[in-house]
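Taking UniProt numbering, the leading residue of the sequence shown gets 1, the next gets one more, and so forth.
Where is the CB? At the ideal position from N, CA and C, for every residue including glycine.
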Amino acid sequence: MHDATRQLIHDYYAAFNAGDMDRFLDLLTDDVVHDINQGGREVGREAFAAFMTRMNDSYREQLVDIEVMVNDDGTRAAAEFVVLGSYLKSDPGLPPARGQQYRLPAGAFFELRDGKVARISNYYNLEDWIQQVSA
């Protein structure tokens, strides 16, 4: 179970880094729960796809230094990584975008079911990001 779970999380991030949204979304359950950093909760693959469309419109990101941890039965995982990004288009309620670069430590918690991601909760320091893009 550990190896399959670890591979699923690595595949998830590889698809993200490649910009392969079809593969990325295929790794989610239909009823995936997405807890947005310092935001609300969205449910369903369609909601997650819409979120990713908005994100990909405003940000270009690559995740590096990815470390994955898995619980004993392989049903939960956590990942720690660094986000290397460019802020391309202003996001409502945030500072104006001017192509600013940022480097942001982040983490995520996952719940897995039937070989897919059933819940993802992402965490990063929004104040750190705001300071970086406001400089």
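According to DSSP, simplified to helix, strand and coil, what is Thr29? Mapped onto the sequence shown, residue 29 falls at position 29. If DSSP states are grouped into helix, strand and coil, Thr29 belongs with the strands.
So what's Ser134 in DSSP terms, helix, strand or just coil? Here residue 134 corresponds to residue number 134 of the sequence shown, with the count starting at 1. Correct three-state label for Ser134: helix.
Taking DSSP as the reference, what is the three-state secondary structure of Ile36? The sequence position of residue 36 within the sequence shown is 36, counting from 1. Correct three-state label for Ile36: coil.
Do Leu27 and Asp11 have their C-beta atoms closer together than 8 Å? One-based indexing of the sequence shown puts residue 27 at position 27. One-based indexing of the sequence shown puts residue 11 at position 11. Result yes, Cβ atoms of Leu27 and Asp11 sit closer than 8 Å.
Could you give the first and the last residue of the continuous beta strand (DSSP E) run that contains Arg60? Within the sequence shown, residue 60 is the residue found at index 60, counting from 1. In the DSSP annotation of this structure, the continuous segment of the beta strand (DSSP E) that includes Arg60 starts and ends at 59 to 70.
Is the region 73 to 92 close to the region 105 to 121, with three or more CB pairs under 8 Å? yes
What distance in whole Å lies between the Cβ atoms of Tyr123 and Val83, which are believed to be in contact at a cut-off of 8 Å? One-based indexing of the sequence shown puts residue 83 at position 83. One-based indexing of the sequence shown puts residue 123 at position 123. So it is not a contact: roughly 11 Å between Cβ atoms.
To the nearest angstrom, how far is the alpha carbon of Trp129 from that of Lys89? What you label residue 129 is simply residue 129 of the sequence shown in a count that begins at 1. What you label residue 89 is simply residue 89 of the sequence shown in a count that begins at 1. Computed Cα separation, rounded: 15 Å.
Could you give the residue range of the beta strand (DSSP E) that holds Leu112? Within the sequence shown, residue 112 is the residue found at index 112, counting from 1. Note, Leu112: beta strand (DSSP E), 100 to 113.
First and last residue of the alpha helix (DSSP H) that includes Leu84? Taking the sequence shown and counting its residues from 1, one reaches residue 84 at position 84. Not the alpha helix (DSSP H): Leu84 falls in the beta strand (DSSP E), residues 76 to 87.
Identify the continuous beta strand (DSSP E) that holds Asn122 and give its terminal residues. Reading the sequence shown from its first residue, position 122 is the one you call residue 122. Counting along the chain, the beta strand (DSSP E) containing Asn122 begins and ends at 116 to 124.
By the 10 Å Cβ neighbour count, where 16 or more other Cβ atoms means buried, how is Thr53 classified, buried or exposed? Residue numbering aside, residue 53 sits at position 53 when the sequence shown is read from its first letter. With fewer than 16 other Cβ atoms within 10 Å, it is exposed.
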